[in-house]
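Down below is the structure, laid out as structure tokens.
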Amino acid sequence: MSVTVTKTGGRTVTITWEPGDDPRGYLAAAVEGDQLAYALESLGESGAGHAGPAVSEGQALLATRHTSDLARLLERRAAVQVVMLKDRYGLSWRRIASALFDDPEKQSSVRRMYDSGRRHLGV
């Protein structure tokens with residue numbers, strides 16, 4: 011995949027990708043629909059979240075929805091990647107659990123992700 015994030019200065023970045031890298035349009039939708047912006051904003055917030063006085067209730071709800079939507083999409087994509095790790099590369103449940111959770115004993119969590127990924131793939 012040729013998605014690149016280039017730091018262009020201080021706290022500025024440029025994100026680029028090739029059309030073939032986004033066949034389902036997830037990247038474009040995340041950028042154009044503000045999901046990515048709201049998710050990144052949430053990473054920079056204090057532990058209290060939406061602490062700024064200028065944030066209205068509606069804005070806070072919208073930000074939370076966009077962040078949550080992107081988080082769910084990323085969970086689904088990670089589950090599909092687990093299917094690839096198991097089926098294409100033949101990795102063991104322990105190895106995948108160790109890579110994802112730094113805990114080889116979390117094999118049941120990986121198996122649940124695998125099952126979810128297969129459902130998303132329609133297999």
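Following our numbering, the numbering of the sequence shown begins with 11 at its first residue and continues without gaps. Where a beta carbon is used, it is the ideal one built from N, C-alpha and C, also for glycine.
{"query": "So which of Ala64, Gly68 and Ser126 has the shortest CA-CA distance to Gln91?", "result": "Ser126"}
{"query": "Looking at C-alpha atoms only, which residue of Glu55, Ala81 and Leu83 is the closest neighbour of Ala70?", "result": "Glu55"}
{"query": "Classify Leu84 as buried or exposed, calling it buried when 16 or more other Cβ atoms lie within 10 Å of its own Cβ.", "result": "exposed"}
{"query": "Would you call Lys17 buried or exposed, if buried means 16 or more other Cβ atoms sit within 10 Å of its Cβ?", "result": "exposed"}
{"query": "By Cβ distance, which residues of its chain are closer than 7 Å to Ser12, with the 5 residues on each side in sequence left out?", "result": "Trp27, Glu28 and Asp31"}
{"query": "Cβ atoms of Arg86 and His130: under 9 Å apart, would you say?", "result": "yes"}
{"query": "Which of helix, strand or coil does DSSP assign to Gly35?", "result": "coil"}
{"query": "Nearest to Thr74 by alpha carbon, out of Ser118, Glu51 and Leu37?", "result": "Glu51"}
{"query": "Apart from the five residues just before and just after Phe111, which ones in its own chain have a Cβ nearer than 7 Å to its Cβ?", "result": "Ser119"}
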